[in-house]
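Engineer:
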Amino acid sequence: MNDASPPARYDFAAAEPRWQEAWESRGCFAAPDVPDGSKPKYYVLEMFPYPSGKIHMGHVRNYTLGDVVARYKRARGHAVMHPMGWDAFGLPAENAARERGIHPGKWTYDNIANMRAELRRMGLSLDWAREFATCDPEYYGQQQALFLDFLKAGLVERKRSWVNWDPVDGTVLANEQVIDGKGWRSGAPVEKRELSQWFFSITKYAPELLEALNTLDRWPERVRTMQANWIGRSEGARVRFALAEPAAGLSEVEVFTTRPDTLFGMSFLAVAAEHPLAAAAAARDPKAAAFVAECRAMGTSEAAIEQAEKRGHDTGFRVAHPFIEGATFPVWIANFVLMEYGTGAIFGCPGHDERDFEFASKYALPILPVVLPPGEEAASFALDGAAYTGDGTIFNSRFLDGLDVPSAKRRAIEALEEKGSGQGVVNWRLRDWGVSRQRYWGCPIPVIHCEACGIVPVPKDQLPVRLPDDVDFSKPGNPLDHHPSWKHVACPSCGAAARRETDTCDTFVDSSWYFARFCSPRADIPVMRDAVDAWLPVDQYIGGIEHAILHLLYSRFFTRAMSATGHLKVDEPFAGLFTQGMVQHESYKSQDGAWLYPEEVERRPDGTALRRGTNEPVTVGRVEAMSKSKRNTVDPGAIIGRYGADTARWFILSDNPPERDMEWSESGVAGAHRFVQRVYRLAAGLDARGGDGPARPLQQAAHRAIEAVTTALETFAFNVAVARLYELANAIEASDAGVEARREAVAILARLMAPMMPHLAEEIWSILHPGEELVANLPWPEADPALLVAETMTIAVQVLGKLRATLTLPVGTPEEAVLAAAEAEENVQRAIAGRPIRKRIHVPGRIVNLVV
Ligand code: ANZ
Ligand code: ZN
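Quick note on this note's numbering: the sequence shown kicks off at 118 and runs consecutively.
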């Protein structure tokens, strides 16, 4: 086979599956169970996909980036682990069941089969032996074991909390699923309900999760900031206000404030609608009750509350001021006070808080400034239609007068502590993580409710608690709850009739430890210690910025909880994080305003566009992130079929730095494919094209490319690596060197592009070195330092500051020889015109200036 000369055109459709088969059959990408230490380990992971049915260009970008890293690190001598799996639980599978009568399991596993085939066609260097789906009982059963360990360690709690309840779907909704106060699917007005739910105690780790962000020096700054804001540490005080008269057994209200320095500017106190004092007011006043009910219909999200008009109801209760003898203030119920933050109550200082200002203006409450901005006079200062939230000097505040804001905060806290009416505290925005979902397609929470024994963990030898297969999706609500038999079990502790927990886990739980499971994916315990100890943390994690907060924070919590329960020894799961940009495309609209797919549109050279078939004009819209709703998507499968995987990979890497958005275009892919064919011809047509020029310039170009591509790959500058390889290909084409030198340069080109275009690299290498090792198994090429140094230097020769000649001399030519050569130039002699040279200025390697 190797005797015949290679075909003139690269047949990627035949070559790509052939090389995929060769890698697979030789086990090129199998990671050792436990790396033996002879090579440094490197764990590369891309965020695993949700099996929606088809891969999209975002996946192609994500997995190509990871594959470049994996292949490069392997060539650099690392023991690499690069696994793939499926984030397979979630609502779309249940919707498919409801809408089309397909079982969620069948829908999911069919989708996985499709997407696995598509990923395989991309030629990713994955260790497929480690694959799993989170809906496999072998996975979620181990997740249940972790749940029980966390429960035992006090990291899981069952508590009552206010939730968004969709009365039509019969389920709790996440804040993001409440749109304008209505359930995102049912459209029914959402109610707030207090329910018992399962929580992971993530708040126990709040200080650590914040502190350790400082150690994540290979994470984007932006992501660390987003996490820090989410955790939200605030220093302030809790202040207790005595009620003028006790109400419903309460004698005081406690508030949280970050501004105890402004206590003398107080004009009201406000509580959340769910606060006990609001309930007390509602019990005696129908108007208060009506207001509370109204607030309850509003979503619980901070954004919803922030946007809503500030509204309130005066309860008639009054509280005493801690510092001003005899002064009392009204207690309001206000829709902008959250029950879940601080204490669910605030003191209002309209002079220095925007929301309080809006509220006080609306209800004609007093507004008294107590912070004097720099440069203002106390006697003449007045607020100008808005709260003043900046720094300044305290006034109108008795013993705090004259202090700056930080000192006044400290002084106020001291005074509160002396009087016993408050203390300095640190408050966290982070809430415990509610994981209960009233859904079928999720991991069952492994506990049993017994009348006599209370909450009884399912014994570990009875795990997994499997989902029943025969479920009825025709009724609203949780199918597990109305299944005829599933939840009826004997109590494991006393044997009496008891009830299984029918809540399943939030799917974020599934993705909070999958990276650890990949280390020992078939273990009959959650993870094998020797495997996770050797492989974790993930050295390079790659994914979208949309997961910057929740997924990453939950994974960081889970890793700590797994450490605390003896499963791991690391705290941080991801040592390096890279967030990729989006893949964008032009959008198109037909005359009647309908979105059109790119394949329905013909772009014409004059910039206009026509609809294929009908030739009616098409409006070309903005370049924006590919989305199904705008139909500006391109199917990766179609692209791979038409151009091959290498072309798709090459184009997606070439356009822009990977952290930035990139624009997919037909002309761009076509250009990438022309390059694929060009590079192939360089190798296939070698013998025909040898010249008789010197080898050295081409060798130098190749070795400079090694150096430049290596640096680019080390720093995620993959588009730069692509550009350097274009240059090397150009240099080879332009070179007049002999066949041997060209063969060597093409071989280097093939090996350098292997992380990006692995199939083409193998094809070329096999033409040049038939029967030898696969490129996938070769070490990374080393640049020869002797070929990197410049051999000549270019020197500008000036006479009286004017350029008269340029010299090309060997590097290291001694000064006398440089000057002699400069003066010998004809043009220089002419400019000197026989005059004596008074001064010779020499900047080595650059300039000679002769002064006459
Ligand atoms: C009085 C005050 C005066 C406030 C002032 C601000 C400015 P961060 O920084 O986010 O922690 N607050 C406290 N609990 C609240 C709740 N449950 N719902 C809504 N708002 C609440 O914000 C803390 C500030 O937010 C607190 O400080 C409190 O208002 C308000 F000139 O207290 B401040
Ligand atoms: Zn019992």
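Ideal Cβ placement from N, Cα and C applies to all residues, glycine included. Only a predicted model underlies this, so the values are computations on that prediction, with no experimental measurement involved.
Write down the C-beta distance between Val892 and Ala871 rounded to the nearest angstrom, noting that I regard them as a contact closer than 8 Å.
Structural biologist: Along the sequence shown, one-based indexing puts residue 892 at 775. Along the sequence shown, one-based indexing puts residue 871 at 754. About 5 Å separates the two Cβ atoms, so the contact holds.
Engineer: If you follow the alpha helix (DSSP H) that Gly758 is part of, which residue opens it and which one closes it?
Structural biologist: Numbered from its first residue, the sequence shown carries residue 758 at position 641. Here the alpha helix (DSSP H) through Gly758 covers 753 to 760.
Engineer: Residues in its own chain within less than 6 Å of Asn595 by CB, not counting five upstream and five downstream?
Structural biologist: Start at 1 with the first residue of the sequence shown, and residue 595 comes out as number 478. So the qualifying residues of the chain are Gln555, Thr619.
Engineer: Listed in chain order, which residues are found with a beta carbon closer than 5 Å to a heavy atom of the ligand ANZ?
Structural biologist: Ser351, Phe373, Thr374, Thr375, Arg376, Thr379, Val454, Leu455, Tyr458, Gly459, Ile463, Cys466, His469, Asp470
Engineer: Tell me where the alpha helix (DSSP H) around Tyr797 begins and ends.
Structural biologist: In the sequence shown, residue 797 corresponds to position 680, counting from 1. 783 to 801 is the extent of the alpha helix (DSSP H) around Tyr797.
Engineer: So Val935 packs on Leu926, CB below 8 Å; how close in whole Å?
Structural biologist: Counting from one through the sequence shown, the residue named residue 935 turns up at place 818. Counting from one through the sequence shown, the residue named residue 926 turns up at place 809. With 8 Å as the limit, Val935 and Leu926 qualify as a contact, their Cβ atoms being about 6 Å apart.
Engineer: Output yes if chain C places a C-beta closer than 8 Å to the C-beta of Met456; else output no.
Structural biologist: Here there is only one protein chain, and chain C is not present.
Engineer: May I ask whether a heavy atom of the ligand ZN can be found less than 7 Å away from the beta carbon of Ser610?
Structural biologist: Taking the first residue of the sequence shown as position 1, residue 610 is located at position 493. True, at least one ligand heavy atom lies under 7 Å from that Cβ.
Engineer: Considering only C-alpha positions, which residue in the set Ile565, Phe464, Thr460, Ile219 is nearest to Val542?
Structural biologist: The count along the sequence shown starts at 1 and reaches residue 542 at position 425. Among Ile565, Phe464, Thr460, Ile219, the Cα nearest to that of Val542 belongs to Thr460.
Engineer: Cβ of Ala613 within 7 Å of any heavy atom in the ligand ZN?
Structural biologist: Locating residue 613 in the sequence shown gives position 496, counting from the first residue. Indeed, a heavy atom of the ligand ZN lies less than 7 Å from the Cβ.
Engineer: So Thr320 and Asp549 are supposed to be a Cβ contact under 8 Å. How far apart are they, rounded?
Structural biologist: Indexing the sequence shown from 1 puts residue 320 at position 203. Indexing the sequence shown from 1 puts residue 549 at position 432. Confirmed, Cβ separation roughly 5 Å.
Engineer: Measuring only from the beta carbon, is Val573 closer than 7 Å to any heavy atom that is part of the ligand ZN?
Structural biologist: In the sequence shown, residue 573 corresponds to position 456, counting from 1. Yes.
Engineer: If contact is defined by three or more beta carbon pairs under 8 Å, each pair taking one atom from either stretch, is the stretch 295 to 303 in contact with the stretch 256 to 266?
Structural biologist: Output reads no: the stretch 295 to 303 does not touch the stretch 256 to 266.
Engineer: Roughly how many angstroms lie between the CA atoms of Pro961 and Glu932, to the nearest whole one?
Structural biologist: Position 844 of the sequence shown, counted from the first residue, corresponds to residue 961. Position 815 of the sequence shown, counted from the first residue, corresponds to residue 932. Inter-residue distance for Pro961 and Glu932 is about 8 Å (C-alpha atoms, whole angstroms).
Engineer: Can you tell me which of the three DSSP states Gln817 falls into?
Structural biologist: The residue given as residue 817 occupies position 700 in the sequence shown. When DSSP states are grouped into helix, strand and coil, Gln817 belongs to the helix group.
Engineer: Leaving aside the five residues before and after Leu713 along the sequence, list all residues of the same chain whose C-beta is less than 8 Å from its C-beta, in chain order.
Structural biologist: Locating residue 713 in the sequence shown gives position 596, counting from the first residue. Cβ neighbours of Leu713 beyond the five flanking positions: Tyr705, Lys706, Ser707, Arg728, Val735, Arg748.
Engineer: Is the CB-CB distance between Val649 and Leu597 below 8 Å?
Structural biologist: Position 532 of the sequence shown holds residue 649. Position 480 of the sequence shown holds residue 597. Contact: no.
Engineer: Where Pro814 and Trp140 are concerned, what is the direct C-alpha to C-alpha distance, given to the nearest angstrom?
Structural biologist: By 1-based counting over the sequence shown, the position of residue 814 is 697. By 1-based counting over the sequence shown, the position of residue 140 is 23. Pro814 and Trp140: Cα-Cα distance of roughly 35 Å.
Engineer: Mind pulling the alpha helix (DSSP H) runs of 4 or more residues that sit fully within the stretch 193 to 279?
Structural biologist: 208 to 217, 221 to 238, 254 to 269
Engineer: Exposed or buried, Lys479, counting other C-beta atoms within 10 Å across all chains shown (16 or more means buried)?
Structural biologist: Indexing the sequence shown from 1 puts residue 479 at position 362. Looking at its Cβ environment, which holds fewer than 16 other Cβ atoms inside 10 Å, Lys479 is exposed.
Engineer: Contact between the stretch 361 to 374 and the stretch 383 to 403 is defined here as three or more beta-carbon pairs at a separation below 8 Å; is this criterion met?
Structural biologist: Counting Cβ pairs under 8 Å, three or more are found: they touch.
Engineer: When we look at the beta-carbon of Ile572 and count the other beta-carbons within 10 Å, is it buried (16 or more) or exposed?
Structural biologist: For the purposes of this step, residue 572 is identified with residue 455 of the sequence shown, where counting begins at 1. With fewer than 16 Cβ atoms within 10 Å of its Cβ, Ile572 is classed as exposed.
Engineer: Heavy atom of the ligand ZN less than 7 Å from the Cβ of Cys567, yes or no?
Structural biologist: The residue you call residue 567 lines up with position 450 of the sequence shown. Checking every heavy atom of the ligand ZN against the Cβ of Cys567, one is found closer than 7 Å.
Engineer: According to the neighbour-count rule (16 or more other Cβ atoms, all chains shown, within 10 Å of its Cβ), is His605 buried or exposed?
Structural biologist: Along the sequence shown, one-based indexing puts residue 605 at 488. Classification of His605: exposed, given that the 10 Å Cβ count is below 16.
Engineer: In the DSSP assignment, what residue or residues form a beta bridge with Tyr189?
Structural biologist: As a first step, residue 189 must be located in the sequence shown, where it is residue number 72. Beta-bridge pairing links Tyr189 to no other residue.
Engineer: Can you tell me which residues form a DSSP beta bridge with Val356?
Structural biologist: What you label residue 356 is simply residue 239 of the sequence shown in a count that begins at 1. Within the DSSP secondary-structure output, Val356 pairs in a beta bridge with Val372, Gly539.
Engineer: Let's see if you can read the secondary structure: which residues bound the alpha helix (DSSP H) around Met910?
Structural biologist: What you label residue 910 is simply residue 793 of the sequence shown in a count that begins at 1. Here Met910 belongs to no alpha helix (DSSP H); instead the beta strand (DSSP E) covers 909 to 916.
Engineer: With H, G and I counted as helix, E and B as strand and the rest as coil, what does DSSP make of Trp550?
Structural biologist: Taking the first residue of the sequence shown as position 1, residue 550 is located at position 433. The three-state secondary structure of Trp550, taken from DSSP, is strand.
Engineer: If you drop the 5 nearest sequence neighbours on each side, which residues of the same chain put their C-beta closer than 6 Å to that of Ile127?
Structural biologist: Stepping through the sequence shown from its first residue, residue 127 is reached at position 10. For clarity, residue 127 is Tyr in the given sequence; the question names Ile instead. Closer than 6 Å at the Cβ level, and outside the excluded window around Tyr127, lie Gln794, Tyr797.
Engineer: Which same chain residues end up closer than 6 Å to Trp449 when comparing Cβ atoms and leaving out the 5 residues on each side of it in sequence?
Structural biologist: Sequence index remark: in the sequence shown, residue 449 carries index 332 (1-based). Spatial neighbours of Trp449 in its own chain (CB-CB distance under 6 Å, excluding positions within 5 residues in sequence) are listed in chain order as Phe385, Ala387, Gly429, Asp431.
Engineer: Do you know how far the Cα of Pro157 is from the Cα of Met645?
Structural biologist: In the sequence shown, residue 645 corresponds to position 528, counting from 1. In the sequence shown, residue 157 corresponds to position 40, counting from 1. Those two C-alpha atoms are separated by around 20 Å.
Engineer: Assign Cys622 to buried or exposed, taking buried as 16 or more other Cβ atoms, counted over all protein chains shown, within 10 Å of its Cβ.
Structural biologist: As a working mapping, residue 622 is identified with position 505 in the sequence shown. Per the 10 Å Cβ criterion, buried.
Engineer: Can you tell which of Trp336, Lys269, Leu905 has the C-alpha that lies nearest to the C-alpha of Asp656?
Structural biologist: By 1-based counting over the sequence shown, the position of residue 656 is 539. Of the listed residues, the one whose Cα sits closest to Asp656 is Trp336.
Engineer: My output table needs one value for Val969: the three-state DSSP class, helix, strand or coil.
Structural biologist: One-based indexing of the sequence shown puts residue 969 at position 852. In the three-state scheme derived from DSSP, where H, G and I count as helix and E and B as strand, Val969 is classed as coil.
Engineer: Mind the definition here: the stretch 349 to 365 touches the stretch 667 to 682 only if three or more C-beta pairs lie below 8 Å; say whether that holds.
Structural biologist: By the Cβ criterion, the stretch 349 to 365 is not in contact with the stretch 667 to 682, since fewer than three pairs of Cβ atoms, one from each stretch, lie closer than 8 Å.
Engineer: Please state whether DSSP places Trp897 in a helix, a strand or coil.
Structural biologist: As a first step, residue 897 is located in the sequence shown; it is residue number 780 there, counting from the start. Trp897 carries a coil assignment under DSSP once its states are collapsed to helix, strand and coil.
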